């Protein structure tokens with residue numbers, strides 16, 4: 027289950043360099059894999075906030091043509107609003123930290 031989540035997270039990250047349609051599919055898959063983690067006995071906090079944030083990002087993506095490049099729409103302020111809302115939750119921040127550690131993700135930009 028964790029491997030599925032980590033793979034979905036990597037795919038969602040990679041899809042940011044692709045089309046809206048591919049990013050939308052990857053974001054939905056990540057939300058589904060995230061919610062599956064809630065059945066773990068030692069599930070990290072913030073799962074539902076993270077999954078809801080993914081759902082809200084998907085709702086924004088749905089407003090654009092599937093063939094558009096994510097890079098061309100990524101500065102839409104609705105994405106920033108979704109991120110800001112989620113980032114205000116301590117459980118969300120813990121979940122991001124857990125994800126980076128568990129999935130062995132390198133921080134971007136370096």
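Residue numbers (this note's numbering): 27 to 136. Positions of the beta carbon are idealized from the N, C-alpha and C atoms, including for glycine. Because the structure is a prediction, the values reported are computed rather than measured.
- The alpha-carbon separation between residue 85 and residue 53 amounts to approximately 10 Å.
- Excluding residues up to 5 positions away in sequence, 55, 56, 59 lie with their Cβ nearer than 6 Å to the Cβ of residue 34 in the same chain.
- A distance below 8 Å separates the beta carbons of residue 118 and residue 75.
- Shown here for residue 124: same chain residues with a beta carbon closer than 6 Å to its own, the five before and five after excluded, namely 70 in chain order.
- Residue ranges of uninterrupted alpha helix (DSSP H) with 4 or more members, entirely inside the region 67-126 and ordered along the chain, are 73-87, 96-99, 103-113.
- When only Cα atoms are considered, residue 63 and residue 130 end up about 17 Å apart.
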